[in-house]
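**Student:** Numbering of the sequence shown is given in the numbering used here, commencing with residue 891 and proceeding in unit increments.
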Amino acid sequence: MQTPPATVPLNFFRALRQKRYDQAWKHLSNYSQRVFLETLFKSLKPDSCSLERLQDDFAKGTSWAAHYWDDFSQHLQLDTWLSQQYKEYGASQKQILVLAQPANLYLLVIEEAGDWRFGYFETFLDN
891 MQTPPATVPL NFFRALRQKR YDQAWKHLSN YSQRVFLETL FKSLKPDSCS
941 LERLQDDFAK GTSWAAHYWD DFSQHLQLDT WLSQQYKEYG ASQKQILVLA
991 QPANLYLLVI EEAGDWRFGY FETFLDN
């Protein structure tokens, strides 16, 4: 059963608040997952960690992922995101805009592998 698209961003932010990082990871689009991993990997000292290890840690929500998400969450202002009301605004075949109010921000939710996922990077950093 598909997750309702309007709940996906909120589910992502809730999972971060609850430190359920494996669940937060599952709410992200494949592209966002890849960008998070590549960005972190490029910032690490050579030979400190393999990309495969990072992929595994993020999928499980452990070690590198836990440290990363803890720091990320401190800078994200989670309370603001958790207090928003989310509703579907516009849709195309495999993408839906979700309106977060009262912030009045549009978030991109993408259908992948039969479910809806939050396009974090697609929303905020890929203009």
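Note that CB positions come from ideal geometry on N, CA and C, so glycine has one too.
For clarity, every value in this text was computed on a predicted model and none was experimentally measured.
Under the assumption that G951 contacts R910 (Cβ atoms under 8 angstroms), give the Cβ distance between them as a whole number of angstroms.
**Tutor:** Yes, they are in contact, since the Cβ atoms of G951 and R910 sit about 7 angstroms apart, within 8 angstroms.
**Student:** Please classify Q975: does DSSP put it in a helix, a strand, or coil?
**Tutor:** It is a strand residue.
**Student:** Run the CB neighbour count on A993, radius 10 Å, all protein chains shown included, and call it buried at 16 or more, exposed below.
**Tutor:** That one is exposed.
**Student:** Identify every residue that forms a DSSP beta bridge with R1007.
**Tutor:** Beta-bridge pairing links R1007 to I1000.
**Student:** Give the straight-line distance between the Cα atoms of R943 and F962, rounded to the nearest whole angstrom.
**Tutor:** Spanning the two alpha carbons is a distance of roughly 19 angstroms.
**Student:** Between the Cα of A1003 and the Cα atoms of A990, K984, T1013 and L968, which residue gives the shortest distance?
**Tutor:** Closest by alpha carbon: K984.
**Student:** Identify, in the order they occur along the chain, each residue of the same chain with its Cβ nearer than 8 angstroms to the Cβ of W1006, setting aside the five sequence neighbours on each side.
**Tutor:** Q892, T893, P894, P895, V898, I986, V999 and I1000.
**Student:** What does the Cβ neighbour count give for Y1010, buried or exposed, with the cut at 16 atoms within 10 Å?
**Tutor:** When all chains shown are included, Y1010 counts as buried.
**Student:** Could you give the residue range of the beta strand (DSSP E) that holds A914?
**Tutor:** No beta strand (DSSP E) holds A914; the alpha helix (DSSP H) holding it covers Y911 to K916.
**Student:** Specify the secondary structure class of A993 as computed by DSSP and reduced to three states.
**Tutor:** The answer is coil: DSSP assigns A993 none of H, G, I, E or B.
**Student:** Specify the secondary structure class of L934 as computed by DSSP and reduced to three states.
**Tutor:** Note: L934 maps to coil in three-state DSSP.
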